[in-house]
Ligand code: UT7
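Numbering (the numbering used here), first residue to last: 3 to 332.
Shown next, in the form of structure tokens:
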């Protein structure tokens, strides 16, 4: 009995923020942003759309595209760094309610940009142990409220969006999640962090005045560890599974920066035609980045049942993860 990624869906907010829009608020240029990051625009959720709202819309699409109904779902997991509420309820609880899923276990995963691949690992274990049969996993982010729009080093990078998948059971290894590697190292915590509004620097006026509620990043240092780790991750998972890069149908890297994707792709000799790029239109959507990219490949007709995907991600924590997934949907 194997776990299988049976369907994919995403939701993209309507509002587009272009590089030109950033030229009006910080000292930057379209040219700098495109050259250093590959990003041209990103989506921003509406004031009345919280993370659970966009997550639920992605979830509903993934359920519609699967061969199950919402009543069949027995576990809901949401990965996010921008939950609706800091402590409780979990965003997974709210997504369940908004998607009409009742009385099932629901919880959030906190692994920043690696959240979707972390959820694959958890869902795979639940399915293969026989504990659950149909799991909804949602990577959902409304990152815009966590952005300091006066910090040019971070504000241009991130966007809002959501992606979701149904993980079910299969007997067929040709449509199975073959392997997931996930890891973390807290020694890098300060390089990419939202310091405030947790238990360490609570949401008090002095901490908010110091802007501690916003994302802080040492971009250049994160960049170097990201390239090194993402590359090593792929080499390791291919080697462990005796698979060569030629056998991969789709390389789906985390969409943080086009230069990072290209550096990893070139080191591993993956052709551009087999790589998914969405960073140009969405920016970095953290835990939503990988499922949004898979969704776009699916909608473009680039993903067929049985295709072998290689997922590779890296984020705050630091966390990192990779996965070999044969698509189990139609
Ligand atoms: O998803 C989780 C993982 N996150 C990432 O993987 C992000 C990793 N980091 C990056 O993508 C890149 O480091 C950035 C895009 C954030 C920055 O690119 P960089 O080539 O590493 O630039 P830098 O930080 O070394 O800064 C170079 C210069 C600096 O100016 P000085 O000190 O040389 O005068 C920055 O102040 O570029 C300046 N700069 C900007 N200039 C124009 C930083 N941001 C901007 C900006 N527009 N938006």
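Beta carbons are placed, not taken as given, at the ideal position from N, Cα and C, and that holds for glycine.
> In whole angstroms, what is the alpha-carbon distance linking residue 253 and residue 224?
Replying inline: 22 Å
>> Quick check on DSSP: helix, strand or coil for residue 224?
In response: helix
> How long is the line joining the alpha carbons of residue 31 and residue 220, rounded to whole angstroms?
Replying inline: 20 Å
>> Closest to residue 52 by C-alpha separation, out of 163, 134, 62, 41, would be which residue?
In response: The residue with the shortest Cα to Cα distance from residue 52 is 163.
>> the ligand ZN and residue 322: does the residue's C-beta get closer than 7 Å to at least one heavy atom of that ligand?
In response: As presented, the structure is devoid of the ligand ZN, carrying the ligand UT7 as its sole ligands.
> Per DSSP, which one or two residues make a beta bridge with residue 80?
Replying inline: 110, 140
>> Quick check: is any heavy atom of the ligand UT7 less than 7 Å from the C-beta of residue 155?
In response: yes
>> Can you look up residue 298 in the DSSP assignment and give me helix, strand or coil?
In response: helix
>> Runs of 3 residues minimum, wholly inside the stretch 233-289: which ones carry the beta strand (DSSP E) assignment?
In response: 252-255
>> Can you find the residues in the same chain that come closer than 7 Å, C-beta to C-beta, to residue 229, ignoring five residues on each side of it along the sequence?
In response: 262, 265, 266
> For the putative contact between residue 260 and residue 217, defined by C-beta atoms under 8 Å, what is the C-beta separation to the nearest angstrom?
Replying inline: With 8 Å as the limit, residue 260 and residue 217 do not qualify as a contact, their Cβ atoms being about 20 Å apart.
>> If distances are taken between C-alpha atoms only, which option among 306, 285, 297 comes closest to residue 19?
In response: Cα-wise, what sits closest to residue 19 is 285.
> At what residues does the beta strand (DSSP E) containing residue 169 begin and finish?
Replying inline: 163-172
>> Tell me which residue opens and which closes the alpha helix (DSSP H) that residue 152 is part of.
In response: From DSSP, residue 152 is part of no alpha helix (DSSP H); its letter is neither H nor E.
>> Here's the rule I'm using: 16 or more other beta-carbon atoms within 10 Å means buried, otherwise exposed. How should residue 205 be labelled?
In response: Of the residues assessed, residue 205 falls on the exposed side of the cut-off, its CB having fewer than 16 other CB atoms within 10 angstroms.
> Bridge partners of residue 194, per DSSP?
Replying inline: Paired residues: 219.
> With a cut-off of 8 Å, do at least 3 Cβ pairs link the stretch 60-74 to the stretch 134-142?
Replying inline: Cβ pair count under 8 Å is three or more, so yes.
> Under three-state DSSP, which class holds residue 231?
Replying inline: Helix, per DSSP.
> Any heavy atom of the ligand UT7 closer than 7 Å to the CB of residue 38?
Replying inline: yes
> Around the C-beta of residue 327, are 16 or more other C-beta atoms found within 10 angstroms, so that it is buried, or is it exposed?
Replying inline: Buried, since its Cβ has 16 or more Cβ neighbours within 10 Å.
> Counting Cβ pairs, one atom from each stretch, are 3 or more of them under 8 Å apart for the stretch 126-134 and the stretch 93-104?
Replying inline: no
> Just how far apart, CA to CA, sit residue 158 and residue 323?
Replying inline: Going by the C-alpha atoms only, they are around 25 Å apart.
> Can you name the residues that DSSP bridges to residue 316?
Replying inline: 322
> Where do the ends of the beta strand (DSSP E) carrying residue 73 lie?
Replying inline: No beta strand (DSSP E) contains residue 73, which DSSP labels as neither H nor E.
> Excluding sequence positions up to five away, which residues of its chain have a Cβ less than 7 Å from the Cβ of residue 151?
Replying inline: So the qualifying residues of the chain are 27, 157.
> So is residue 308 buried or exposed if we call it buried at 16+ other beta carbons inside 10 Å?
Replying inline: Answer is exposed; the Cβ neighbour count stays below 16.
>> Would you say the beta carbon of residue 35 is closer than 7 Å to some non-hydrogen atom of the ligand UT7?
In response: Residue 35 has its Cβ nearer than 7 Å to a heavy atom of the ligand UT7.
>> Less than 8 Å between the beta carbons of residue 294 and residue 71, yes or no?
In response: No. Outside cutoff.
> Are the Cβ atoms of residue 93 and residue 76 separated by less than 8 Å?
Replying inline: no
> Contact between the stretch 310-324 and the stretch 29-46: three or more CB pairs below 8 Å?
Replying inline: Touching, no, given that fewer than three Cβ pairs across the two stretches are closer than 8 Å.
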